[in-house]
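Colleague: Starting off with a structure, shown below.
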Amino acid sequence: PNPRYESHLTPLTMLRQVLKMALCVMAASAFQLSPSTLAPSSFRGAAITQHQEFVAPRCKAAGPVMGIKDLRDRVTSVKNTKKITSAMRLVAAAKVRRAQDAVLKTRPFSETLQKVLGGLIQRLKKDNFDSPLMNERPVDKVLLVVMTGDRGLCGGYNTYAIKKAETRMNELKAAGIPYDAFCIGTKGATYFKKRCNVVETVPIGNAPTAEEASKIADSLLATYLAGDADRVELLYTRFTSLIASEPSIRTMLPLSPTGIESEGDEIFTMSSKDGKFAVEATKLDPAAPEVFPKDMIFEQDPEQILSAILPLYFNGQLLRQMQESVASELAARMTAMQSASDNASDLITDLSRQMNRQRQAAITQEIAEIVAGANA
C-alpha cells in the first residue's frame, strides 16, 4: 500500500464520494421510462410497444393536402378562370342584344309580307288555288332540319336539341317512315353524321343573315319540289327567357294556309336593371290580312304573285327561327358562364379559408417552438 495515497482517504473525503455517486444514481432514475410509456417509433417500436386494440380514424382525407404555396397558386388560377367566364358572359349578352336588334329590323318586312300573303290567300280561296308548296301528299320520306350551335360552353342547349331530334327520329322509325337530316350547326352535324344520313351541313354562326337563310331555304325548297322529301320539319329551340328555352318541332313544308293567316309573333327585349340582365316579352297579335278591293286589277295573275311570295315567306320564317335559336344559345351561354363565375367565387372562398387556416397553424407552431426554447 502507498502511504501517500492512504493519507488522502480521510473519512470526510470518502463520505463526499459516496454522496456524489448517490446523486448520480438518483438523477439517472428520474429519466428512466418504462416500455409501456414509450410511443411507437421506427427504431424501437416493435420491441417496446404492447399489443393494443386498433382504433379506426374518424375520417379520411379527401385528397392530398396542399401546402400554402399550392393553395395560393390554385386561388390565382381560379381567379383568372373567373375573369374569363365573366368576360364570356358579357360578350354573350352583347351578342343577344345584336340578335334582338336584327329581329326588330326584320319585323316590318315580315309583317307586311304576312299581310299581303294573307290577303292573297283569302282572295284566291274561292278560285281553288293550287300550289305545290301547299299541297298535302302522302308522306314517304321526311327531311328533319336540326338547328344546334357551333360551339359548346352553353349548358345543356345542344344536348336538349339533339335529344329532341332523336326522339322525333325514333318516332319516325317506329312508324316505318325513312328520314334524312339537314344539320344547321356544327354540334348537331358532328353527332348525327355517325348515326343517320346527313344530306347537308351548314354552320349557324352568331348572327344569321338573310343571305344565309336564303341559301338554306333554296336548298330545302329544291329538295321538297324534287320529291326527295314529302315533308320538311324544322327542329329549333324556342326562346323563352334567359334561364329557360324549349326545343320545338315545326312543319315548314307543306305550308298551311290557316297557319299563315293566324300566326302571331312574340318579341323579346333584353334590358339591365340594378346590374342584372332581364328579358321582357311582348306578344303581338297576328297581322291582319290585307283587304283588296273587289274591283282591283292585278298586273300579274294573283296566283303568280302568290307563288312568288311563298318562297319569300318561307325564307323569312327560316331566318326568324335561326335568329331565335341563336338567341337561345347565347342566353344559355350567359347562364352557364354566370353559374361558372358563381362556382369560382365559392371555390376561391373555400381555398382562401383553407390557406388562412394553414398559415395560422404554421404561425402558432412557430410561436410554440420559440416559447419552448426560451423556457428550456
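First residue of the sequence shown: 11, per my numbering; consecutive thereafter.
Built from N, CA and C at the ideal position, the CB exists for glycine as well.
Any idea which residues DSSP pairs tyrosine 246 with across the strands?
Modeller: Ser258, per the DSSP bridge assignment.
Colleague: At the level of alpha carbons, what is the spacing between proline 312 and valine 242?
Modeller: If I take the Cα positions, the gap works out to 26 Å.
Colleague: Tell me the DSSP secondary structure of glutamine 370 in three-state form.
Modeller: In this structure, glutamine 370 counts as helix in the three-state DSSP scheme.
Colleague: Would you say isoleucine 226 and valine 212 are within 8 Å of each other, going by their C-beta atoms?
Modeller: In this structure, valine 212 lies closer than 8 Å to isoleucine 226 by Cβ.
Colleague: For leucine 263, which residues does DSSP report across the bridge?
Modeller: Partner(s): Val242.
Colleague: Going by Cα to Cα distance, which pick from Glu379, Val101, Lys89 and Ser96 is closest to glutamate 339?
Modeller: Of the listed residues, the one whose Cα sits closest to glutamate 339 is Val101.
Colleague: Might you give, ordered along the chain, the residues of its own chain that have their beta carbon closer than 6 Å to the beta carbon of isoleucine 194, omitting 5 neighbours on each side?
Modeller: Closer than 6 Å at the Cβ level, and outside the excluded window around isoleucine 194, lie Met157, Val212 and Ile214.
Colleague: Using 10 angstroms around the beta-carbon of glutamine 314, count the other beta-carbons present and answer buried if the total reaches 16, otherwise exposed.
Modeller: So glutamine 314 ends up on the exposed side.
Colleague: CA-CA distance, alanine 354 and glycine 166?
Modeller: Cα-Cα distance, rounded: 20 Å.
Colleague: Under 8 Å, do arginine 178 and leucine 154 count as touching if we go by C-beta distance?
Modeller: Closer than 8 Å, so yes.
Colleague: In angstroms with no decimal places, state the Cα-to-Cα distance between proline 218 and phenylalanine 249.
Modeller: If you take the alpha carbons of proline 218 and phenylalanine 249, they lie about 16 Å apart.
Colleague: Relative to the C-alpha of glycine 77, which residue among Ser141, Gln370 and Leu328 is closest?
Modeller: For the residues Ser141, Gln370 and Leu328, the minimum Cα distance to glycine 77 belongs to Gln370.
Colleague: Applying the criterion that 16 or more other CB atoms from any shown protein chain within 10 Å of the CB defines a buried residue, is arginine 343 buried or exposed?
Modeller: Under this definition arginine 343 is a buried residue.
Colleague: Going by DSSP in three states, alanine 384 sits in which element: helix, strand or coil?
Modeller: Helix, per DSSP.
Colleague: Taking its Cβ as the centre, do 16 or more other Cβ atoms sit within 10 Å of valine 113, making it buried, or is it exposed?
Modeller: Buried, by the Cβ-count rule.
Colleague: Kindly list the residues whose CB is nearer than 6 Å to the CB of asparagine 366, restricted to its own chain and excluding five residues on each side of it in sequence; keep chain order.
Modeller: Cβ neighbours of asparagine 366 beyond the five flanking positions: none.
Colleague: Below 7 Å, is the gap between the Cβ of glutamine 370 and the nearest heavy atom of the ligand HEM?
Modeller: Ligands displayed in this structure: none; no statement on the ligand HEM is therefore possible.
Colleague: Just the C-alpha distance for alanine 386 and glutamate 379, rounded to the nearest angstrom, thanks.
Modeller: Alanine 386 and glutamate 379: Cα-Cα distance of roughly 11 Å.
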